[in-house]
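Contents: one structure, followed by commentary.
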Amino acid sequence: MQTRLADWIRDTPAGVEADAILRKCVHCGFCLATCPTYLLLGDELDSPRGRIYLMKQMLEGAPVTRRTQLHLDRCLTCRACETTCPSGVEYGKLVDIGRNVIEEKVERKRGDRLRRWFLKTTLPHRPFPGTLGVAMPEPGEHSIVPPSRFGGNMDIKHLRTGVKLFLPVGVEGALFSLGDTHAAQGDGEVCGTAIETAMDVILRLTVRRDFTIDAPQYHLPAGAEMEDAQASFHVCTGVGPDLMECSRDAVRATIAHLGDRYGLERQEAYAVASVAADLRIHEVVDAPNWVVGAFIPEAIFEGGR
Ligand code: SF4
Ligand code: SF4
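Residue numbering for the sequence shown follows this note's numbering, beginning at 45 and increasing consecutively.
Right under this line is the structure:
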């Protein structure tokens, strides 16, 4: 689309970036179908295309109000719209710029400021990378959105400091990568976004040839799951497009793990899983694949904590 940004922003770094992004948008509306706020509210101004228009008007100098701010506030910054945009519009960068500008232009009411401050200070910050994975063996390009049995965008909030993650290796050299760093997120990441943030991550990579797994597993040291619960857990995951199948895969992997690690017969391990393992949904938003984890507490075995 054509743009004519206002003098006060045109030649700033933010203005140059916003202008380039706005010009890529052809207003086709393909992004609307993937926007959760548009699907929920049905208002064009709560869609990516509508918000792009609002930001364009604001950056061109049109007056903005609390109403404009509300439509930008409602955006979840999930960036699902970017995945369907044929023009490569970097909506996430644009909305960051738009929000910074509108904070300068529209003063929030005291109650709103207090509510935002309260949420910011009371939400527990438990940082972790949402994406940790190795390359899949299937040839070709792969979307970075859905996780796979080789990891990827698993959004497992428990993969934090001190946790060991085990991934199957699909290609020579594994080609490990990580990203999508989150400051806080609940199990399931139900609306499609966490508190997205920049992060430095330090990790140690080791190649293990002494066992094989079909899907990611991880080990939570004592105290990592809940600071007040001094138990450690081994977690087997199931990854795929059906939650029931994911649950079955996680339980099957748990049975295999209990056999390998503790020498349990399959039927014994199945019974132990039934009485002691907790199934948890790690994520249900990175279509088409979901992730279920089966948590087995190690304290129930001799020598475990
Ligand atoms: S952001 Fe992309 S998909 Fe959405 S209206 Fe603009 S060009 Fe179309
Ligand atoms: S980032 Fe998410 S909520 Fe915001 S406009 Fe895009 S799809 Fe909609």
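All residues carry an ideal CB built from backbone N, CA and C; glycine is no exception. Predicted model, so just to flag it, every value in this text is computed and none were measured.
Spatial neighbours of residue i in its chain, beta-carbon cut-off 8 Å, leaving aside the 5 residues before and after
i      : result
SER131 : LYS68, CYS69, VAL70, CYS72
VAL139 : ARG95, MET99, LEU116, CYS119, THR121
ALA58  : ILE141, ASN144, VAL145
ALA297 : ILE257, ASP258, ALA259, GLN261, CYS280, THR281, GLY282, ALA338
GLY303 : GLU309, ARG310, ALA313
PRO332 : PRO190, PRO285
Nonlocal neighbours in the same chain, by C-beta distance under 6 Å from residue i, ignoring five residues either side
i      : result
ALA218 : VAL178
ARG324 : ASP231, GLY337
ILE96  : CYS69
PRO265 : GLY206, SER276
ARG123 : GLY136
THR112 : LEU98
GLN229 : LYS201, ALA238
PRO92  : CYS75, CYS79, CYS125, TYR135
THR256 : none
LEU167 : ALA228
Beta strand (DSSP E) segment containing residue i, residue limits
i      : result
CYS280 : 277-284
HIS263 : 261-264
ALA338 : 334-341
ASP254 : No beta strand (DSSP E) contains ASP254, which DSSP labels as neither H nor E.
LYS100 : That residue, LYS100, is in no beta strand (DSSP E); its alpha helix (DSSP H) goes 92-103.
HIS186 : Taken as a continuous stretch (DSSP letters only), HIS186 belongs to no beta strand (DSSP E), as it is neither H nor E.
HIS226 : 221-226
GLY195 : 195-197
LEU83  : Careful: LEU83 lies outside any beta strand (DSSP E), inside the alpha helix (DSSP H) at 80-85.
LEU76  : From DSSP, LEU76 is part of no beta strand (DSSP E); its letter is neither H nor E.
Residue burial classification, residue i (beta-carbon count within 10 angstroms, cutoff 16)
i      : result
ALA259 : buried
CYS235 : exposed
LYS100 : buried
LEU237 : Residue identity check: residue 237 is Thr in the sequence provided, not Leu. By the 10 Å Cβ count, THR237 comes out buried.
PHE162 : exposed
PRO107 : exposed
THR78  : buried
HIS301 : buried
GLN261 : buried
TRP334 : buried
ARG160 : exposed
ALA50  : exposed
MET102 : buried
Residues near residue i by beta carbon distance below 7 Å, same chain, minus five either side
i      : result
ARG35  : Nothing in the structure corresponds to residue 35, since the chain is present only between 45 and 349.
ASN197 : GLY174, THR175, ILE188, VAL189, PRO190, PRO191, ASP224, ASP330
PHE74  : THR128, CYS129, PRO130
GLU61  : LYS137, ILE141
ALA294 : CYS280, THR281, GLY282, LEU323, VAL336, GLY337, ALA338
TYR314 : ILE299
LEU209 : LEU176, LEU203, PRO260, TYR262
Cβ distance (whole Å) where residue i is taken to contact residue j below 8 Å
i      : j      : result
ALA320 : ILE340 : 6 Å
THR81  : LEU66  : With a Cβ gap of about 20 Å, THR81 and LEU66 do not count as contacting.
VAL283 : ARG193 : 5 Å
GLY214 : MET243 : About 26 Å; that fails the 8 Å criterion.
ASP199 : GLU240 : About 11 Å; that fails the 8 Å criterion.
Where the alpha helix (DSSP H) through residue i begins and ends
i      : result
ALA58  : 57-68
SER291 : 287-306
LYS149 : 135-149
GLU312 : 310-320
THR128 : 124-128
PHE162 : 154-166
THR112 : 110-118
ARG389 : This structure gives no information on residue 389, because the portion of the chain shown stretches from 45 to 349.
Cβ-heavy atom distance, residue i to ligand 4, below 7 Å
i      : result
HIS115 : By its list of ligands, the structure shown excludes ligand 4, since it contains just ligand 1 and ligand 2.
Review point. Residues with a Cβ closer than 6 Å to any heavy atom of ligand 2, in chain order?
Key: THR78, CYS79, PRO80, THR81, PRO92, ARG95, CYS119, LEU120, THR121, CYS122, ARG123, ALA124, CYS125, TYR135
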